[in-house]
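Residue numbers (our numbering): 121 to 407.
For every residue, glycine included, the Cβ atom is placed at its ideal position computed from N, Cα and C.
If you're wondering where the values come from, they're calculated on a predicted model, not measured in any experiment.
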Ligand SMILES: [Zn+2]
Ligand SMILES: [Zn+2]
């Protein structure tokens, strides 16, 4: 792969802004829309016991999420231009030959991106919860107390810019291969949509597991929307644990809504009444 032929001129900038905006919009509407249709409509009955808030938001609220989310996508276009400029000037650490650092590094670099972004988000999020930013910026996201998959990008554009700014920063600090970048982009998007989905999809007991307990769940972020003052992290639970901001009833509420083995097994059909009657008739003479 050759990244040296990139140029920073007006046609490239315009193509990039429009292309990135269109791509992120289609991805947002299709994936959030699909998860919404599956969990809120097509399989609504099955997902109902796992719905974190028993109420279903009205169309006006969902449209509000979609509008704010779409406005925020402009940031992805703008920051793509910033990244292009950094790349053309030679400031990023992007490398294209896997052999340069090996596959082990490629996997480790991906893990590092998630760990660093989680720390970046946690402290940015704590700042956003100070009185001034909550009133003027972050309150826009907290309007949605009962979020749907469309709330994933529904933040004030200033907050969106601060969050997306992580991307050029990490590209300048850490050598990353396009494969790692691609996996990160897809995984962070999917996690964000499920995190705002409003339904728990993980197995019961996983928040108490040694390894599984390190990862956030849809319940974790739903509780942030519900209680506002707890569960600030993005991917991992350690910052909330360390700083004493984990919701007290996190594990209990998670287990209440999580998936259990019984949910996945088909229900055994009830025996026909004639069968019960014939069995009792056969048993009674023996008494
Ligand atoms: Zn918040
Ligand atoms: Zn949220």
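Could you give the C-beta distance for residue 345 and residue 264, rounded to a whole number, given that I count them as a contact under 8 Å? Locating residue 345 in the chain shown gives position 225, counting from the first residue. Locating residue 264 in the chain shown gives position 144, counting from the first residue. Yes, residue 345 and residue 264 are in contact; Cβ-Cβ is about 6 Å, under 8 Å.
Considering Cα atoms alone, identify which of 321, 335, 334 is closest to residue 408. What is shown of the chain runs 121 to 407, which leaves residue 408 out entirely.
Determine the contact status of residue 338 and residue 155, defining contact as a CB-CB distance below 8 Å. As a first step, residue 338 is located in the chain shown; it is residue number 218 there, counting from the start. As a first step, residue 155 is located in the chain shown; it is residue number 35 there, counting from the start. Their beta carbons are not under 8 Å apart, which means residue 338 does not touch residue 155 by this criterion.
By C-beta, the residues closer than 7 Å to any heavy atom of ligand 1, given in chain order: Spelled out in chain order, the answer is 245, 248, 249, 258, 261, 262, 344, 348, 352.
Using three-state DSSP, classify residue 146 as helix, strand or coil. Locating residue 146 in the chain shown gives position 26, where the first residue counts as 1. Residue state, collapsed to three classes: helix.
With a threshold of 6 Å on Cβ separation, who are the neighbours of residue 407 within its own chain once the five nearest residues in sequence on each side are excluded? Position 287 of the chain shown, counting from 1, holds the residue named residue 407. Note on residue 407: pLDDT 44, under 50, position unreliable in the model; no value is reported.
Cβ of residue 271 within 7 Å of any heavy atom in ligand 2? For this step, residue 271 is matched to residue 151 along the chain shown. Taking the Cβ of residue 271 as the reference point, at least one heavy atom of ligand 2 falls within a distance shorter than 7 Å.
Residues near residue 201 in its chain [Cβ-Cβ closer than 8 Å; skip 5 each side]: Mapped onto the chain shown, residue 201 falls at position 81. For residue 201, the CB contacts under 8 Å within the same chain, skipping 5 residues up- and downstream, are 133, 136, 137 in chain order.
Determine, using beta carbons only, whether residue 311 comes closer than 8 Å to chain B. The question asks about chain B, but that chain is absent: this structure has only one protein chain.
Taking DSSP as the reference, what is the three-state secondary structure of residue 319? Numbered from its first residue, the chain shown carries residue 319 at position 199. Shown here, residue 319 sits in a strand according to DSSP, grouped into three states.
Does the region 298 to 313 touch the region 137 to 151, meaning 3 or more C-beta pairs lie closer than 8 Å? Using a Cβ-Cβ distance cut-off of 8 Å, the region 137 to 151 and the region 298 to 313 are in contact, since at least three pairs of beta carbons, one from each stretch, lie closer than that value.
Taking 8 Å as the cut-off, does the region 325 to 337 touch the region 166 to 186 (at least 3 CB pairs, one atom from each stretch)? No, the region 166 to 186 is not in contact with the region 325 to 337.
Identify the continuous alpha helix (DSSP H) that holds residue 280 and give its terminal residues. The residue you call residue 280 lines up with position 160 of the chain shown. It spans 277 to 284 - the alpha helix (DSSP H) in which residue 280 sits, taken as one unbroken run.
Does any heavy atom of ligand 2 sit closer than 7 Å to the C-beta of residue 316? The count along the chain shown starts at 1 and reaches residue 316 at position 196. Within the cutoff, so yes.
If contacts are defined as beta-carbon pairs under 8 Å, then residue 318 and residue 267 qualify, I think. What distance do you get, rounded to the angstrom? Here the question's residue 318 lines up with position 198 in the chain shown. Here the question's residue 267 lines up with position 147 in the chain shown. The beta-carbon separation of residue 318 and residue 267, rounded to 6 Å, stays under the 8 Å limit for a contact.
Using DSSP with H/G/I as helix, E/B as strand and the rest coil, what is residue 314? For the purposes of this step, residue 314 is taken as residue 194 along the chain shown, with counting starting at 1. Note: residue 314 maps to helix in three-state DSSP.
Express the C-alpha separation of residue 385 and residue 323 in angstroms, rounding to a whole number. Within the chain shown, the letter at position 203 stands for residue 323. Within the chain shown, the letter at position 265 stands for residue 385. Each residue's alpha carbon lies about 14 Å from the other.
At least 3 beta-carbon pairs within less than 8 Å: the region 188 to 204 vs the region 275 to 287: These segments touch.
Compute the Euclidean distance between the alpha carbons of residue 366 and residue 129, then round it to the nearest angstrom. Taking the chain shown and counting its residues from 1, one reaches residue 366 at position 246. Taking the chain shown and counting its residues from 1, one reaches residue 129 at position 9. Residue 366 and residue 129: Cα-Cα distance of roughly 47 Å.
When burial is assigned at 16 or more other CB atoms within 10 Å of the CB, is residue 250 buried or exposed? Along the chain shown, read from residue 1 onward, the residue named residue 250 stands at position 130. Under the 10 Å beta carbon count, residue 250 is surrounded by fewer than 16 other beta carbons and is classified as exposed.
Considering only the alpha carbon of each residue, which of 152, 127, 277 lies closest to residue 188? Counting from 1 along the chain shown, the entry for residue 188 is found at position 68. Check the Cα spacing between residue 188 and each of 152, 127, 277: the tightest is with 277.
Could you check which residue in 363, 283, 343 has the C-alpha nearest to that of residue 198? The sequence position of residue 198 within the chain shown is 78, counting from 1. Ranking 363, 283, 343 by Cα distance to residue 198 puts 283 first.
Could you check whether the Cβ of residue 341 sits closer than 7 Å to any heavy atom belonging to ligand 2? Residue mapping note: residue 341 aligns to position 221 of the chain shown, counting from 1. It does: the Cβ of residue 341 is within 7 Å (strictly closer) of some heavy atom of ligand 2.
Which same chain residues, not among the five before or five after residue 374, have their C-beta less than 7 Å away from its C-beta? Indexing the chain shown from 1 puts residue 374 at position 254. 320, 327, 337, 339, listed in sequence order.
Three-state class that DSSP yields for residue 335 in the structure shown: Reading the chain shown from its first residue, position 215 is the one you call residue 335. DSSP, reduced to helix, strand and coil, places residue 335 within a strand of the structure shown.
Contact belief for residue 291 with residue 212 at Cβ below 8 Å, rounded distance in angstroms: As a working note, residue 291 is residue 171 in the chain shown. As a working note, residue 212 is residue 92 in the chain shown. Residue 291 to residue 212, Cβ: 4 Å. Contact.
How is residue 356 classed by DSSP in three states: helix, strand or coil? Here residue 356 refers to the residue found at position 236 when the chain shown is read from its first residue. Looking at residue 356 - three-state DSSP - the assignment turns out to be strand.
Supposed close pair residue 300, residue 230 - CB separation, criterion 8 Å: In the chain shown, counting from the first residue as 1, residue 300 sits at position 180. In the chain shown, counting from the first residue as 1, residue 230 sits at position 110. With 8 Å as the limit, residue 300 and residue 230 qualify as a contact, their Cβ atoms being about 4 Å apart.
Please report the straight-line C-alpha distance between residue 354 and residue 182, rounded to a whole angstrom. Taking the chain shown and counting its residues from 1, one reaches residue 354 at position 234. Taking the chain shown and counting its residues from 1, one reaches residue 182 at position 62. Roughly 22 Å separates the two Cα atoms.
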